[in-house]
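**Q** Dropping the structure in here first, questions after.
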Amino acid sequence: MSENIIYEQIKPNIGLLTINREKALNTLSLETVTELKEFIHNQLPKEDIRVLIITGSGKKAFVAGADISQMKEMSKDEFANYCDISHSNFNNLQKLKIPIIAAINGYALGGGSELALACDIRIASDNAKLGFPETKLGLFPCWGGSQRALRLLGIGKAKELIFTGEMITAEQ
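Position one of the sequence shown corresponds to residue -1 (my numbering), numbered consecutively onward.
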């Protein structure tokens, strides 16, 4: 595993997965989502854990979404592959037979909100902000987040967040 994702067993049967791109607000680059895929398929099944906690490094962001600067450079096929890997990752996390907890520290935007919604439990710090600001750029939550938001938040709140691109606080 590289430096983009750090895994450690913090207590017996408790795993901690940290998205480790603090300088980039833990955005999900192609390399990061590929490493996450490898972790889910290859390393996680070997771990003797009963719960997995996912968080972001630092205090500013859980995951501030996709790496937009990298997306600008992607071809149509590369972007489709990136979306496929990310969507598959979140579906596979949701299918795990252990509880997944999102420890949301700071921004959980776009793909970060989608990752949090793919977890079984979400615990947010006081400074957490969640939302889908990509809709203001003409993009749509394409990693399963719109469907998860509908199921977890209800149709009205999900539509409000997706249509407006506004963020909500942990308290909200």
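The C-beta atom is built at its ideal place from N, Cα and C for all residues, glycine as well.
Where DSSP assigns a beta bridge to residue 203, which residues make up the other side?
**A** As shown, the chain starts at -1 and ends at 170. That puts residue 203 outside it, with no answer to give.
**Q** State buried or exposed for residue 78, treating a residue as buried only when at least 16 other CB atoms are found within 10 Å of its CB.
**A** The residue is exposed, with fewer than 16 neighbouring Cβ atoms inside 10 Å.
**Q** Using the Cβ count rule (16 or more neighbours within 10 Å means buried), how would you classify residue 103?
**A** Its Cβ being crowded by 16 or more others within 10 Å, residue 103 is buried.
**Q** Within a Cβ cutoff of 8 Å, which residues of the same chain sit near residue 3, ignoring the five residues on either side of it in sequence?
**A** Taken in chain order, the residues that qualify are 15, 16, 17, 18, 30, 33, 34 and 37.
**Q** Give a yes or no on whether the C-beta atoms belonging to residue 114 and residue 128 are separated by under 8 Å.
**A** Yes. Within cutoff.
**Q** In terms of residue numbering, what span does the beta strand (DSSP E) encompassing residue 121 cover?
**A** 119 to 122 is the span of the beta strand (DSSP E), which, as asked, contains residue 121.
**Q** In terms of alpha-carbon separation, which member of 122, 162 and 112 lies closest to residue 134?
**A** Answer by Cα proximity: 162.
**Q** Considering only their Cβ atoms, is the gap separating residue 62 from residue 28 smaller than 8 Å?
**A** No. Outside cutoff.
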